[in-house]
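Each remark here refers to the structure printed beneath this line.
In the numbering used here, the protein residues as written are 158 to 560.
So, in structure tokens, the structure goes:
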């Protein structure tokens with residue numbers, strides 16, 4: 158391939174926490190899986206015949222952002238890294254605080270940014286930070302001249318509900334910019350995604366997540382990059398578990414907003430007041446994560462082998478693990494009446510569910526057998542005011558699509 162593709166797209170999945178909600182903060186095992194709701198980025202190079210040939214266009218309908226920046230503005234932003242020595246292959250060398258401060262100072266002084274809302278500014282800040290950092294090179298003469306392009310970002314993921322929308326967004330952006338920067342730097346001129354590039358993308362996406370969350374664990378960006386199932390324990394133990402068959406769930410939106418930081422602090426206060434009891438609950442949750450990991454792997458193998466008796470037994474045991482896990486989270490005070498209503502509706506239909514993530518609202522997940530008719534439970538949930546999506550967990554991570 159002699160030149161950069163004039164048009165390509167990147168998709169990255171969302172994620173759900175299966176086990177380890179809250180206990181992961183205290184060093185216990187967590188399990189997370191990719192979600193087949195995705196963020197999509199479409200990159201299009203613009204030639205001189207386009208309507209605005211000297212502009213870069215950022216289109217993000219999810220946050221109602223449609224902004225065009227001139228090439229001169231973009232080059233001023235890219236020059237914020239002048240004198241810095243990292244390149245696309247060394248995200249660990251980025252001076253994060255310095256670059257973020259420089260970018261925020263620049264944005265604060267530009268009228269085109271001042272009129273944007275909080276979500277719009279946050280999304281654009283992540284985008285510009287990652288582009289500026291990834292496109293850097295210690296030898297500025299090695300960098301090609303910036304050409305006009307359009308970046309269109311769409312997403313099936315709800316914002317702020319705990320389904321990994323920010324991580325999916327950061328992974329998509331990082332993949333787009335890493336592919337472009339790597340293509341320009343490599344003599345072979347190949348445009349592809351492999352495991353090595355995915356590792357790089359995950360590291361860059363983690364920096365984007367730091368802008369949104371301050372001190373992320375690294376779990377979300379890993380799941381959205383690699384897909385499938387991830388077992389994670391702080392500070393840096395991570396195991397990628399490939400799945401041949403997906404896990405079917407109902408993702409149920411309570412439509413109740415919650416503050417993750419407040420809920421984490423609530424558990425911390427409870428732990429401070431009743432340390433022995435809460436530690437015992439956390440240890441039990443660690444055991445549930447470990448048991449779920451084993452069961453999901455065995456269930457996946459049974460599905461591949463089409464062993465119906467094994468599938469039935471393993472699925473039943475996994476349902477019990479989900480129910481126990483939810484009860485333990487409830488005992489920590491992080492459930493919500495809307496979540497309890499969803500879990501009860503699931504039980505009324507002989508299904509098991511649990512809250513996912515911080516709790517206090519957000520999402521619940523209901524484990525459902527493959528090929529089962531869910532019309533009745535869906536109708537019941539919708540009649541109770543909840544949004545319901547029939548989704549599959551454990552699918553592929555970030556992907557490149559060439560037009």
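Cβ coordinates follow ideal geometry from the N, Cα and C atoms, glycine included.
- Three or more pairs of CB atoms, one per stretch, sit closer than 8 Å, so the segment 173-191 contacts the segment 445-465.
- According to the DSSP assignment, residue 232 belongs to the alpha helix (DSSP H) that extends over 228-235.
- For residue 268, no beta strand (DSSP E) run applies; the uninterrupted alpha helix (DSSP H) run containing it begins and ends at 268-271, by DSSP.
- In the DSSP assignment, residue 404 is bridged to 550.
- For residue 433, the enclosing alpha helix (DSSP H) starts and ends at 432-462.
- No residue range can be given for residue 160, since it is assigned to no alpha helix (DSSP H) and is classified by DSSP as neither H nor E.
- Runs of the beta strand (DSSP E) spanning 3 or more residues and lying entirely within the segment 473-542 occur at 509-513, 520-524, in chain order.
- Beta-bridge analysis with DSSP links residue 372 to no other residue.
- A Cβ-Cβ separation of about 17 Å leaves residue 246 out of contact with residue 330 under the 8 Å criterion.
- Taking a contact to require three or more Cβ pairs closer than 8 Å, the segment 488-501 and the segment 382-395 do not qualify as touching.
- Sorting 555, 424, 327 by C-alpha distance to the C-alpha of residue 183 places 424 at the top.
- Shown here for residue 231: same chain residues with a beta carbon closer than 8 Å to its own, the five before and five after excluded, namely 213, 303 in chain order.
- In this structure, the CA atom of residue 370 is about 44 Å from the CA atom of residue 466.
- Non-local C-beta neighbours of residue 377 in its own chain, meaning closer than 8 Å and more than five positions away in sequence, comprise 172, 189, 321, 323, 324, 366, ordered along the chain.
- Counting along the chain, no alpha helix (DSSP H) covers residue 347, and no H or E run does either.
- Three or more beta-carbon pairs separated by less than 8 Å link the segment 235-246 to the segment 289-297, which places the two stretches in contact.
- When the Cα atoms are used, residue 390 and residue 442 turn out to be separated by approximately 13 Å.
- Counting the other Cβ atoms within 10 Å of the Cβ of residue 507 gives fewer than 16, which makes it exposed.
- Residue environment: residue 334 is assigned as buried (16 or more neighbouring CB atoms within 10 Å of its CB, all protein chains considered).
- In the displayed model, residue 391 falls within coil according to three-state DSSP, outside both helix and strand.
- DSSP places residue 428 in the helix class (H, G or I) of the three-state scheme.
- When only Cα atoms are considered, residue 241 and residue 252 end up about 8 Å apart.
- Taking residue 284 as reference, the option from 548, 523, 401, 361 with the minimal CA-CA separation is 361.
- Within the same chain, no residue comes within 6 Å of residue 255 by CB-CB distance, once the 5 residues on both sides are set aside.
- Between residue 405 and residue 525 the beta-carbon gap is near 5 Å, inside 8 Å, which marks them as a contact.
- The DSSP assignment places 306-312 as complete runs of the beta strand (DSSP E) inside the segment 295-332, in order along the chain (cut-off: 3 residues).
- Around the CB of residue 483, 16 or more other CB atoms lie within 10 Å, so the residue is classed as buried.
- The alpha-carbon of residue 470 is positioned some 10 Å away from that of residue 452.
- DSSP lists 172 as the bridge partner or partners of residue 191.
- Counted as a single uninterrupted DSSP element, the alpha helix (DSSP H) harbouring residue 275 occupies residues 275-291.
- Within its own chain, the residues whose Cβ lies closer than 7 Å to the Cβ of residue 514, once the five positions on either side in sequence are excluded, are 174, 178, 319, 520, listed in chain order.
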